[in-house]
Amino acid sequence: MFKSYLLPIYLCLLGAAHAQHQVSGYIYNQENNIQSPLAGASVYWENSTSGTVSNDDGYFTLDHNPENTVLVVSYLGFKTIKLTSGFNKPIEVILIPDDAASLNEVTVLQRRKALQRAIFTPRNVSTIGSAELLKAACCNLSESFETNPSIDVNYADALTGTKQIQMLGLTSPYILFTQENIPNLRGSNQTFGLSFTPGTWVESIQITKGAGAVSSGYESISGQINAELIKPLTAPPLFINGFRSANGRTEVNLQGKYDLSSKWATSLFVHANKRSQITDNNNDGFLDAPLSEQLNVLSRLQYIDAEKGWVGFASFKALSDTKQIGQLSYAPGLHKFKSQYWGGELDTDKWEFNLKTGYVDPEIPYRSIGFQSAISRHKQSAYFGNKNYNVSYTSYFHHIVYQSILGNTLHKFKAGLQYMVDVYDETILTTHIKRNETNLGAFFEYNYDGIEGFNAIIGARVDHHNVMGTFVTPRVHLRHAFFDNKSILRLSAGEGRRIASIFAENQKFLGSQRKLFLAQPTEPMYGLLPERAWNFGLSWIQKATLMNRPFDFILDVYRTQFTNRVVVDWETPGAISFYNLDGKSHAQSIQLTVNTSLNDRIDLRFAYKTFDIKTDYRSGLKRVPLQAENRWFAFVGYGSVLEDGKQWRADATLHRVGRQRRVASFTTPSDFAAGFSLLSMQLTRQLSNQLSVYAGAENLLDVKQTDAVLSSDDPFGAAFDSSQLYAPVFGRMLYAGFRFNL
Amino acid sequence: MKIKLLIMLFFATAAVAQTQKENIEVRGNCDLCKKRIEKAALNTKGVKYASWTAETQQLTLIYNAKKTSAKSVAKNIAAVGHEADSIVATEEAYNALPACCMYKSVSAHGG
Numbered sequence: 009m010f011k012s013y014l015l016p017i018y019l020c021l022l023g024a025a026h027a028q029h030q031v032s033g034y035i036y037n038q039e040n041n042i043q044s045p046l047a048g049a050s051v052y053w054e055n056s057t058s059g060t061v062s063n064d065d066g067y068f069t070l071d072h073n074p075e076n077t078v079l080v081v082s083y084l085g086f087k088t089i090k091l092t093s094g095f096n097k098p099i100e101v102i103l104i105p106d107d108a109a110s111l112n113e114v115t116v117l118q119r120r121k122a123l124q125r126a127i128f129t130p131r132n133v134s135t136i137g138s139a140e141l142l143k144a145a146c147c148n149l150s151e152s153f154e155t156n157p158s159i160d161v162n163y164a165d166a167l168t169g170t171k172q173i174q175m176l177g178l179t180s181p182y183i184l185f186t187q188e189n190i191p192n193l194r195g196s197n198q199t200f201g202l203s204f205t206p207g208t209w210v211e212s213i214q215i216t217k218g219a220g221a222v223s224s225g226y227e228s229i230s231g232q233i234n235a236e237l238i239k240p241l242t243a244p245p246l247f248i249n250g251f252r253s254a255n256g257r258t259e260v261n262l263q264g265k266y267d268l269s270s271k272w273a274t275s276l277f278v279h280a281n282k283r284s285q286i287t288d289n290n291n292d293g294f295l296d297a298p299l300s301e302q303l304n305v306l307s308r309l310q311y312i313d314a315e316k317g318w319v320g321f322a323s324f325k326a327l328s329d330t331k332q333i334g335q336l337s338y339a340p341g342l343h344k345f346k347s348q349y350w351g352g353e354l355d356t357d358k359w360e361f362n363l364k365t366g367y368v369d370p371e372i373p374y375r376s377i378g379f380q381s382a383i384s385r386h387k388q389s390a391y392f393g394n395k396n397y398n399v400s401y402t403s404y405f406h407h408i409v410y411q412s413i414l415g416n417t418l419h420k421f422k423a424g425l426q427y428m429v430d431v432y433d434e435t436i437l438t439t440h441i442k443r444n445e446t447n448l449g450a451f452f453e454y455n456y457d458g459i460e461g462f463n464a465i466i467g468a469r470v471d472h473h474n475v476m477g478t479f480v481t482p483r484v485h486l487r488h489a490f491f492d493n494k495s496i497l498r499l500s501a502g503e504g505r506r507i508a509s510i511f512a513e514n515q516k517f518l519g520s521q522r523k524l525f526l527a528q529p530t531e532p533m534y535g536l537l538p539e540r541a542w543n544f545g546l547s548w549i550q551k552a553t554l555m556n557r558p559f560d561f562i563l564d565v566y567r568t569q570f571t572n573r574v575v576v577d578w579e580t581p582g583a584i585s586f587y588n589l590d591g592k593s594h595a596q597s598i599q600l601t602v603n604t605s606l607n608d609r610i611d612l613r614f615a616y617k618t619f620d621i622k623t624d625y626r627s628g629l630k631r632v633p634l635q636a637e638n639r640w641f642a643f644v645g646y647g648s649v650l651e652d653g654k655q656w657r658a659d660a661t662l663h664r665v666g667r668q669r670r671v672a673s674f675t676t677p678s679d680f681a682a683g684f685s686l687l688s689m690q691l692t693r694q695l696s697n698q699l700s701v702y703a704g705a706e707n708l709l710d711v712k713q714t715d716a717v718l719s720s721d722d723p724f725g726a727a728f729d730s731s732q733l734y735a736p737v738f739g740r741m742l743y744a745g746f747r748f749n750l
Numbered sequence: 002m003k004i005k006l007l008i009m010l011f012f013a014t015a016a017v018a019q020t021q022k023e024n025i026e027v028r029g030n031c032d033l034c035k036k037r038i039e040k041a042a043l044n045t046k047g048v049k050y051a052s053w054t055a056e057t058q059q060l061t062l063i064y065n066a067k068k069t070s071a072k073s074v075a076k077n078i079a080a081v082g083h084e085a086d087s088i089v090a091t092e093e094a095y096n097a098l099p100a101c102c103m104y105k106s107v108s109a110h111g112g
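Chains A and B, in that order, are what the protein sequence lines are.
Numbered by this note's numbering, the letters in the first sequence go through residues 9 to 750 in order.
Numbered by this note's numbering, the letters in the second sequence go through residues 2 to 112 in order.
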């Protein structure tokens, strides 16, 4: 650092001859005496409209006309440089941080790493960094995707306030969720699991579109989402966050860590949230959001010995969550299982323990071995009106992976074994169902790393499952870069399969008087076939410079084709049926994304998505209900100059959701619900390096679905249904909070 | 601890024999150079691993001593323009490098 601000700018003239009407060169940044190419730096002629942006190698070229005399090189967080001579030869500019003593790295990080698409891996992975996570002020994993156009957030039902996320037109059961690469939201956790990871615990999220890695399992069909939590060794010693929303939601996060030595560190995170305010903005006599309480604790121990090559983690998590839903006057003590008022309660207790160890021989850095082991237990007892659903779910997971090379590091491989046991004990209405699933899998993945140009990952796994039998899961990912890494083409194909936990995944039907139609509920897999699908994908990234600004154009085309599917049929009023697919089912999505920045302070992101999601029901081939055919997305983010730890940040996100098909009710035929727009905004004031305050609004346009609960005046009648939600129940929601860290 | 021992044993046996680890000095500046240097090294038959760092100007090599030597790796790197282990690149190869990799002019005031 010292030298970087003692030394001014280096300007060196290089020998290569160059055309006179153009100026070109390289932009570097220098920190801690390390020079690295600086991509995205603005280079322009003062008092002109002529300018460009440096590419990934820090390189730029720019037309040079006689009237252009002053060349300006700037990048957020670095000192702006003006040059007046030396244009006849390639220029080399080294930018130094704006104020070497301040936290400029944070600013740079935020600009460059908030939302990144991987450039070099064959898989279509985008990472949501910590800066991006701050933009969704509230509150847990299910709300961390609002500023990401690849993920759509849907409303699960009108009672529990749960959000459901989907990717490529398929909802969360078809997405594999992992936490630090351990499968996390499986089985009974599906519906509410996302709300069991507080947002402040999350360090980053990796979203993989399309077929996932074979090492993660056979279950990912439309994609994979991995959340990395904040690690004890890198966590701040103390972090406090408080949040309050106008609809009565209060959240508190206390996070502390303690370094036991340079190799050992431990952390304790505590999260509590509560909502005790009764709200009924749509005047249907039902709570718009449940009365709820959650206490969530995570304790971790981390070990790193870089010299010897050992790393290790031990984590323990415990959670207790309660929700009360239903009519405003419902009091559980007085009205439970009676027909005066309709209401329900959901109590969840969960704990999990996991261990991870890894070893890399410091002498042979390309070879490593890793071991993960996790045990979790999830217990939910719930009733919705007169219907009850209880489940206890215990899961064991053991995973060992070995990585090495074939010949040299251009050819890498990963091989391993995985053993999983899932034990379910469910009671739905009066039926008691026990399920016991075990699986032993072996996987092998070959990775060709061509350094430049072409990369490939080809993998397969063989699984032996006690119910599904023995089967092979192939996955292929290819990537090719063209034109100096300005264009990147990715292709992927892969199969996935899973056993649907139909009740846990479709709990919302309990919030209706729909009758359940299922032929053999107590048979293995509820008497249904495992779900199987192929996913094919194509992704094209084009980097360009237009009007002196960097543009990323991204086209994603993905199609999931089911061979077997458990069809969830809501088409008949007053009924819900589960049966095996007889015919066709597919989900196809096309997404066009544009990322750019208006200037050094303002980022812009636009996306358009169109979906074709159809399934053969018993009543014929239909669009899957409550799925928008078209979605539009716009985001604008602003960050002022960071000075003495002080900064203003503001962002706004607009989601336009197109029309959605609704199923028929007793009184209305199947029709289309009109589209709507959701606007959210947030303003953050960073007061110092330790303290920031924020305030914002969700659903500023105050969109509400008026008929969120059908037949709300007769909850014990056959037409009662809270499961057909397509828009927010809650109107405009204001919130404020603070963050403090040492 | 038993597992730890087993793992170490496994690594020890797998890593035996002719595998040699060595550092050589290679001149260059930026990420572009890094790619070129490592690619040239890995394209030498017998080289298993190559990692170059700009600050230290060191290339760490792991190779099969029966198949190649640090000298032949250095020759291949010099052939793509980077001075390696005191083997000087030809003027032609050096001049073909992109501007950011012109180590002769840049390193004079490299910091």
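No residue lacks a Cβ here, since even glycine has one placed at the ideal position from N, Cα and C.
Computed from a predicted structure; not experimentally measured.
Buried or exposed: where does residue i fall if 16 or more other Cβ atoms within 10 Å of its Cβ makes it buried?
i	result
residue 29 of chain A	exposed
residue 279 of chain A	buried
residue 481 of chain A	buried
residue 215 of chain A	buried
residue 268 of chain A	exposed
residue 97 of chain B	exposed
Counting only beta-carbon separations shorter than 8 Å, does residue i have a partner in chain A?
i	result
residue 104 of chain B	no
residue 31 of chain B	yes
residue 84 of chain B	no
residue 43 of chain B	yes
residue 116 of chain B	No information on residue 116 of chain B is available, as it lies outside the stretch 2 to 112 that chain B covers here.
residue 94 of chain B	no
residue 39 of chain B	yes
residue 67 of chain B	no
residue 63 of chain B	yes
residue 97 of chain B	no
residue 100 of chain B	yes
For residue i, which residues of its own chain have a beta-carbon under 6 Å away from its beta-carbon, when the five flanking residues on both sides are left out?
i	result
residue 327 of chain A	204, 304 and 358
residue 418 of chain A	457
residue 530 of chain A	441
residue 5 of chain A	Missing from the structure shown is residue 5 of chain A; chain A here goes from 9 to 750 and no further.
residue 681 of chain A	668, 670 and 734
residue 18 of chain A	Confidence in residue 18 of chain A is poor, its pLDDT being 31 and thus under 50, which makes the residue's placement unreliable; the coordinate value appears in the next sentence. Contacts found: 102.
Is residue i close to chain B? Criterion is C-beta to C-beta, closer than 8 Å.
i	result
residue 416 of chain A	yes
residue 496 of chain A	no
residue 66 of chain A	yes
residue 44 of chain A	yes
residue 4 of chain A	One cannot answer for residue 4 of chain A here, as it falls past the ends of chain A, which runs 9 to 750.
residue 244 of chain A	no
residue 459 of chain A	yes
residue 373 of chain A	yes
residue 34 of chain A	yes
Ends of the beta strand (DSSP E) at residue i?
i	result
residue 96 of chain B	Residue 96 of chain B -> not in any beta strand (DSSP E); alpha helix (DSSP H) instead, spanning 92-96.
Give the range of the alpha helix (DSSP H) segment to which residue i is assigned.
i	result
residue 38 of chain B	32-43
residue 1 of chain B	No statement about residue 1 of chain B is possible, as the shown extent of chain B runs from 2 to 112 and does not include it.
residue 141 of chain A	138-143
residue 341 of chain A	340-343
Using C-beta distances below 7 Å, list every residue in its chain close to residue i, excluding the 5 sequence neighbours before and after it, in chain order.
i	result
residue 661 of chain A	154, 155, 643 and 688
residue 720 of chain A	292, 293 and 294
residue 376 of chain A	366, 367, 368 and 411
residue 62 of chain A	35, 46, 47, 48, 49, 51 and 68
In chain order, what residues of the same chain lie with their CB nearer than 8 Å to the CB of residue i, ignoring the 5 residues before and after it?
i	result
residue 318 of chain A	311, 312, 365, 366 and 367
Task: Ordered list of alpha helix (DSSP H) runs contained in the stretch 486-570 of chain A, each at least 4 residues - done: 510-513
Task: Inside the stretch 642-718 of chain A only - beta strand (DSSP E) runs reaching at least 3 residues - done: 655-665, 668-670, 679-681, 684-694 and 699-706
Open item on the list: Going residue by residue through the stretch 151-214 of chain A, where are the continuous beta strand (DSSP E) segments of at least 3 residues, counting only ones entirely within it?
Closed with: 159-163, 171-175 and 183-187
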